[in-house]
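Those protein sequences? They're chains D and E, same order as listed.
Counting from 87, one number per residue, gives the positions in the first sequence under this note's numbering.
Counting from 87, one number per residue, gives the positions in the second sequence under this note's numbering.
In this text, a Cβ means the ideal position worked out from N, Cα and C, and glycines have one as well.
The structure displayed is predicted, hence computed values, not measured ones.
Here is the structure we will look at, set down as structure tokens.
2 protein chains.
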Amino acid sequence: MELHRREFVALVIGSATLAAERAQARVQAQADPLASWSEGPAKEAILKFVRATTDPASPNFLPPDERIAAFDQDGTLWVEQPLYTQAVFCLDRVPALVEARPELKDRKPFSVVLSGDREAIAKLNIHQLFEILLEAQSGMTVETFSAEVRRWLATAKHPRWNRLYTELVYQPMIELLALLRANGFNNFIATGGSASFVREYSAQVYDIPPQRVSGSAQAIHFGHGKDGASILSREPKFVLDNLEAGKIENFWLMYGQRPKLAFGNSSGDDQQMLEYVNATSGAHLAAAVLHDDATREYAYGPATGLPDSNVGTFNQDMYDMALKQGWLIVSMKRDWKRIFAFEG
Amino acid sequence: MELHRREFVALVIGSATLAAERAQARVQAQADPLASWSEGPAKEAILKFVRATTDPASPNFLPPDERIAAFDQDGTLWVEQPLYTQAVFCLDRVPALVEARPELKDRKPFSVVLSGDREAIAKLNIHQLFEILLEAQSGMTVETFSAEVRRWLATAKHPRWNRLYTELVYQPMIELLALLRANGFNNFIATGGSASFVREYSAQVYDIPPQRVSGSAQAIHFGHGKDGASILSREPKFVLDNLEAGKIENFWLMYGQRPKLAFGNSSGDDQQMLEYVNATSGAHLAAAVLHDDATREYAYGPATGLPDSNVGTFNQDMYDMALKQGWLIVSMKRDWKRIFAFEG
Numbered sequence: 087m088e089l090h091r092r093e094f095v096a097l098v099i100g101s102a103t104l105a106a107e108r109a110q111a112r113v114q115a116q117a118d119p120l121a122s123w124s125e126g127p128a129k130e131a132i133l134k135f136v137r138a139t140t141d142p143a144s145p146n147f148l149p150p151d152e153r154i155a156a157f158d159q160d161g162t163l164w165v166e167q168p169l170y171t172q173a174v175f176c177l178d179r180v181p182a183l184v185e186a187r188p189e190l191k192d193r194k195p196f197s198v199v200l201s202g203d204r205e206a207i208a209k210l211n212i213h214q215l216f217e218i219l220l221e222a223q224s225g226m227t228v229e230t231f232s233a234e235v236r237r238w239l240a241t242a243k244h245p246r247w248n249r250l251y252t253e254l255v256y257q258p259m260i261e262l263l264a265l266l267r268a269n270g271f272n273n274f275i276a277t278g279g280s281a282s283f284v285r286e287y288s289a290q291v292y293d294i295p296p297q298r299v300s301g302s303a304q305a306i307h308f309g310h311g312k313d314g315a316s317i318l319s320r321e322p323k324f325v326l327d328n329l330e331a332g333k334i335e336n337f338w339l340m341y342g343q344r345p346k347l348a349f350g351n352s353s354g355d356d357q358q359m360l361e362y363v364n365a366t367s368g369a370h371l372a373a374a375v376l377h378d379d380a381t382r383e384y385a386y387g388p389a390t391g392l393p394d395s396n397v398g399t400f401n402q403d404m405y406d407m408a409l410k411q412g413w414l415i416v417s418m419k420r421d422w423k424r425i426f427a428f429e430g
Numbered sequence: 087m088e089l090h091r092r093e094f095v096a097l098v099i100g101s102a103t104l105a106a107e108r109a110q111a112r113v114q115a116q117a118d119p120l121a122s123w124s125e126g127p128a129k130e131a132i133l134k135f136v137r138a139t140t141d142p143a144s145p146n147f148l149p150p151d152e153r154i155a156a157f158d159q160d161g162t163l164w165v166e167q168p169l170y171t172q173a174v175f176c177l178d179r180v181p182a183l184v185e186a187r188p189e190l191k192d193r194k195p196f197s198v199v200l201s202g203d204r205e206a207i208a209k210l211n212i213h214q215l216f217e218i219l220l221e222a223q224s225g226m227t228v229e230t231f232s233a234e235v236r237r238w239l240a241t242a243k244h245p246r247w248n249r250l251y252t253e254l255v256y257q258p259m260i261e262l263l264a265l266l267r268a269n270g271f272n273n274f275i276a277t278g279g280s281a282s283f284v285r286e287y288s289a290q291v292y293d294i295p296p297q298r299v300s301g302s303a304q305a306i307h308f309g310h311g312k313d314g315a316s317i318l319s320r321e322p323k324f325v326l327d328n329l330e331a332g333k334i335e336n337f338w339l340m341y342g343q344r345p346k347l348a349f350g351n352s353s354g355d356d357q358q359m360l361e362y363v364n365a366t367s368g369a370h371l372a373a374a375v376l377h378d379d380a381t382r383e384y385a386y387g388p389a390t391g392l393p394d395s396n397v398g399t400f401n402q403d404m405y406d407m408a409l410k411q412g413w414l415i416v417s418m419k420r421d422w423k424r425i426f427a428f429e430g
């Protein structure tokens, strides 16, 4: 039974005779569930979608088991500039990695990382980052990896805000996740990065349990430790690659369901997922976050009239598709009153 | 929010002031939750495990998010003799498959199936069955496949009982799933077969939603149909192979968690999962179902003193490991008062 504490409380304080829909309506009515969203078409479209899919009288009503919502992480739920958080984690591991395996020292892209040349490091492409990732996240048990991620997250800070990365989640999206959850949706993460990285904080930060985090995945190997006990360890090989169309292909492979709502921001791994969500004849909401606020966050990608970014580009092709297919485009500048919880 | 109707009802009829633990205790107290289990060590061990893991005062208490239970399907939740149900589904598709692709006609194992020689068909090994499976479950959209599985399940009947396969689930295991669910456990299926097959009935039959069914998985391909709309189709290639250690390796890959309870019955794909569950220092229950009741179901496998079965063997090596490591061995003959719901 996946019952989160806050949902449980919301349920048991209700009178014994309340029907599910009335209980949900009450949760929603308590306050503005999207307080960090500016009034306008984006907020309206979301509220309209939630009402339509949860009102049994609506032609777009979805039974609870079909309320599947999928969220990209980097650039959609939290900051992805100047580099993906998981990439920073992997880069931080390179010196120790090279010490253990000196043969990597003169090999690109490891040599680039060791050079300390920030500009060159920032230009590593996604395939080079994945090459580093494979080495930096292998050769240890699954438990050791979990502990390493947690230890890093507890101390590493973002250079611009000097805050923990887990503080750099977008408050409007946290509110959206909560609104959906309160209305019977199952929220999932569909990341281009490693599911095993995100799972270390998804429950705490997004209220999404590990089993609902999909992402790229390395092979896991069953074996035995020195004491003879069975262990699972991580191998330097991808089994699931969530880039490009891989994200929606693997979402189906893992969960066997089509999301009815999806949020993304990148042509590199969200475009096909959003296109697929949009191809349903029934109720659906495909939405893309546009990074157009250099003052409060970042502005990047051709869709903003700015040049291509090495990270999370929202290119013109995806922008054209979004307009043609009628996706919801969320402008951070226009639609988000507040970006981070720490803004107060 | 994964809230099943029966749990919801159980919750909202409770007084507004009940704590979660008391509400759960009430559900349990209503009747014997394991009515189809004979009194004895197996039933006692299960009830003891549930009490210990849900009592906050117990040293073996597990917080709800760690209550992860994994169940093999064939031979553990439903009948697997004389052939895996999914294999029967695939064999039934071979004539149409060969008509569409005549080049398969003279190729083994397809030619064996077309020969109609029941004895030879029964001797096909798991790799030959997987070869048939790959062809029989490919080249169509995910929706078409779902519809085909559902249509077949609605009419195909088991030769011995002349009942739908979905009626051949073990009532004691259905009660166990319900008991665990009522006590805050998340039940998962970990099958050697295709997750996409089991997902078509898992919610209805086991109250386990599709996203909690893991299994062998074929590649899914994103593309576009004739009308230009994006589609997902099935490819004749395995991405996840859940045989042998693959079952527990892929369970971790998909969900990032170690089951605390697991039930299986076969040396072919459950042994490593049970061994891994047993390797936890904390609370755990590794259990294996022994098919030793030829009168009411089947008796097979060296562990029963009978010869090797082509399907779901419980061999001597696994039996020795079970005894050495202290797994719970469930004898169908001794521990199950009733096997099927239709026995009345």
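Contact under 8 Å by Cβ, residue i with residue j
| i | j | result |
| --- | --- | --- |
| residue 352 of chain E | residue 400 of chain E | yes |
| residue 419 of chain D | residue 122 of chain D | no |
| residue 343 of chain E | residue 343 of chain D | no |
| residue 166 of chain E | residue 346 of chain E | no |
| residue 417 of chain E | residue 378 of chain E | yes |
| residue 380 of chain E | residue 348 of chain E | no |
| residue 155 of chain D | residue 308 of chain D | no |
| residue 120 of chain D | residue 265 of chain D | yes |
| residue 221 of chain D | residue 190 of chain D | yes |
| residue 215 of chain D | residue 173 of chain D | yes |
| residue 394 of chain D | residue 126 of chain D | no |
Bounding residues of the beta strand (DSSP E) (the contiguous stretch that carries residue i)
| i | result |
| --- | --- |
| residue 304 of chain E | 299-310 |
| residue 321 of chain D | 316-326 |
| residue 55 of chain E | Since the displayed chain E opens at 87 and closes at 430, residue 55 of chain E lies outside it and no answer follows. |
| residue 274 of chain D | 272-280 |
| residue 375 of chain E | 371-376 |
| residue 143 of chain D | It is not in any beta strand (DSSP E) - residue 143 of chain D carries neither H nor E in the DSSP assignment. |
| residue 240 of chain D | Neither: residue 240 of chain D is in no beta strand (DSSP E) and is coded neither H nor E. |
| residue 438 of chain D | As displayed, chain D neither begins before 87 nor continues past 430, which places residue 438 of chain D out of reach and without an answer. |
Span of the alpha helix (DSSP H), counted from its first residue to its last, around residue i
| i | result |
| --- | --- |
| residue 332 of chain E | 332-341 |
| residue 154 of chain E | Looking at the DSSP string, residue 154 of chain E is not in any alpha helix (DSSP H); the run it does join, the beta strand (DSSP E), is 154-157. |
| residue 220 of chain D | 212-222 |
| residue 175 of chain E | 171-186 |
| residue 443 of chain D | What is shown of chain D runs 87 to 430, which leaves residue 443 of chain D out entirely. |
| residue 262 of chain E | 257-268 |
Neighbourhood of residue i by C-beta, 6 Å cutoff - its chain only, sequence neighbours within 5 removed
| i | result |
| --- | --- |
| residue 219 of chain E | 176 |
| residue 107 of chain E | For residue 107 of chain E, the predicted structure reports a pLDDT of 45, less than 50, and the residue's modelled location is therefore unreliable. The matter cannot be settled from this model. |
| residue 325 of chain E | 303, 305 |
| residue 277 of chain E | 159, 284, 301 |
| residue 259 of chain D | 163 |
| residue 384 of chain D | 167, 377 |
| residue 254 of chain D | 164, 165, 244 |
| residue 112 of chain E | Low confidence applies to residue 112 of chain E: its pLDDT is 48, below 50, so where it sits in the model is not reliable, and the reading given next is rough at best. Answer for residue 112 of chain E: no residue qualifies. |
| residue 150 of chain E | 270 |
| residue 236 of chain D | 286 |
Residue of the options minimising C-alpha distance to residue i
| i | options | result |
| --- | --- | --- |
| residue 291 of chain D | D/305, D/311, D/263, D/301 | D/263 |
| residue 279 of chain D | D/397, D/343, D/207, D/198 | D/397 |
| residue 405 of chain D | D/350, D/368, D/248 | D/350 |
| residue 333 of chain E | E/139, E/254, E/309, E/303 | E/303 |
| residue 186 of chain D | D/174, D/225, D/214 | D/225 |
| residue 311 of chain D | D/145, D/227, D/118 | D/227 |
| residue 136 of chain D | D/269, D/174, D/374 | D/269 |
| residue 217 of chain D | D/196, D/389, D/237, D/339 | D/196 |
| residue 365 of chain E | E/289, E/339, E/407 | E/407 |
| residue 322 of chain E | E/157, E/274, E/182, E/223 | E/223 |
| residue 147 of chain D | D/409, D/368, D/390, D/393 | D/368 |
Beta-carbon proximity list for residue i, same chain, < 7 Å, skipping 5 on both sides
| i | result |
| --- | --- |
| residue 434 of chain E | An answer regarding residue 434 of chain E cannot be provided, because it is not within the stretch 87 to 430 covered by chain E. |
| residue 336 of chain D | 300, 326, 328 |
| residue 375 of chain D | 161, 162, 349, 351, 416, 418 |
Close beta carbons around residue i, own chain, < 8 Å, minus the five adjacent residues each side
| i | result |
| --- | --- |
| residue 429 of chain D | 257 |
Partner residues on chain C for residue i, Cβ-Cβ distance less than 7 Å
| i | result |
| --- | --- |
| residue 307 of chain E | No chain C appears in the structure shown, which is made up of the protein chains D and E. |
Cβ contact check for the segment 309-322 of chain D and the segment 274-285 of chain E: 3 or more pairs under 8 Å: no
Touching by the beta-carbon criterion (3+ pairs, under 8 Å), the segment 408-421 of chain E and the segment 356-366 of chain E: yes
Validate contact between the segment 130-142 of chain D and the segment 233-242 of chain D using beta carbons, cut 8 Å, 3 pairs: no
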